[in-house]
Amino acid sequence: MRLLIAFVIFAALGWASYWWVGARAVETAFVAWFEAREAEGWQAEVSDLKVNGFPNRFDTTLTEPRLADPATGLAWQAPFVQFLSLSYRPTDVIAAFPNSQTILTPLGSYTLQTSEMQASLFLGPTARLPLRRVSLVADAPVLVGDGWQVKAEVYRKAMYETEGALNTYDIGIETRSLILPEAQRARLDPAGLLPEALEVMRLDAQVAFDTVWDIGALEDRRPQPTQIILREARWEWGDLLLRATGTLEMDARGLPTGEIDVKAANWRAMLEVARRSGALPDRLADLIERGLEGLSALSGRSDSLDIPLSFDQGQIRIGFIPLGQSGPILLR
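Numbered by my numbering, the letters in the sequence shown go through residues 347 to 678 in order.
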């Protein structure tokens, strides 16, 4: 009996020591990361850092974190952020975010408000922490800018390593019930014929990158896409439906080459929306409309289209009709 009691006490002390050493290691790693970013010229600050959760968890709370990358002009700050993990699986992490976060970009400052926002990260057990998979769900997100806001019912994103493919990931993104700023909705749909909310925006793709997603994606540079296999991009707004599939290859400048097959229902109304939004100049929209009328006549249905968009080092064409340059596909 005394031997059993001694074993239990020894095991408890051993586990307590493991948790204490692990918690200090987690705290030290966070402090070292913030110090390294400051040494590189970032703004990298936190007013308090605590690791709790004894005996089975490492729950790390960063109070008032502030990050700013001068190379990209991107910055983020929040009242807090939490990273929660089991002490025996520290590379499987749940990140919990506050209801309000501030995002600064070269284009302006924005506030992201959510009723709840969490991410799940599964990382490789090495010093570089390679990403195995990540998922994020934001309920009732509202992005607020200077005098405008965009809101949705839910935003979801998932990214998984593609089995058997180097530096390749399956990526899914979905936004439901997206409501655009009132001024933009009025410009796109002045007659008020479309629903208030854009019902579905969805992306399902396999993307190859030039390097692995790991801690270096924050510290150094973002991995850049070299190939996109677009299984489906889908956009539904009332009677308007746009669906795209295809494959693009990016060169060293990020300019795409390949073909995307686009299916559009009620394409005339869709083209008019693009014209009113300013996405297409009137002269180019007129040229596209004449070309699409011919293509839709060949299909036998004047209200729907199934057309290939050809990309050649960023130059976009529909058949022989040039549409202009797409610009590089790069991640900042």
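Beta carbons are placed, not taken as given, at the ideal position from N, Cα and C, and that holds for glycine.
Requested in this report: Use the C-beta contact count for S431: other C-beta atoms within 10 angstroms, 16 or more gives buried, fewer gives exposed.
Outcome: buried
Query raised in the report: To which residues of the same chain is R474 closer than 6 Å at the C-beta, ignoring the five residues directly before and after it?
Result: D560 and I561
Query raised in the report: Expressed to the nearest angstrom, what Euclidean distance is found between the alpha-carbon atoms of F666 and D485?
Result: 44 Å
**Report entry** Same chain only: Cβ atoms within 6 Å of E410, ignoring 5 sequence neighbours per side
**Finding:** S393
Query raised in the report: Using DSSP with H/G/I as helix, E/B as strand and the rest coil, what is D628?
Result: helix
Query raised in the report: Over what stretch of residues does the beta strand (DSSP E) that includes A532 continue unbroken?
Result: Per DSSP, A532 belongs to no beta strand (DSSP E); it is in the alpha helix (DSSP H), E528 to L534.
Query raised in the report: Contact check, R621 vs A631 under 8 Å by CB: the rounded distance?
Result: 4 Å
**Report entry** Simplified DSSP assignment, three categories, for V558
**Finding:** coil
Query - CB-CB length for A554 against A511, believed under 8 Å - result: 7 Å
Query - Ranges of the beta strand (DSSP E) found wholly within the region 388-452, counting only runs of at least 3 - result: 389-391, 394-398, 403-409, 412-415, 420-423, 426-432, 435-442 and 446-451
Requested in this report: Can you tell me which of the three DSSP states I634 falls into?
Outcome: helix
Query raised in the report: According to the Cβ coordinates, are R522 and D550 closer than 9 Å?
Result: no
Requested in this report: Rounded to whole angstroms, what's the CA-CA distance from A417 to G387? Just pull it up for me.
Outcome: 9 Å
Requested in this report: Please look up how many angstroms separate the CB atoms of T734 and Q552, rounded, as I've assumed it's under 8 Å.
Outcome: Any question about residue 734 goes unanswered here, given that the chain covers just 347 to 678.
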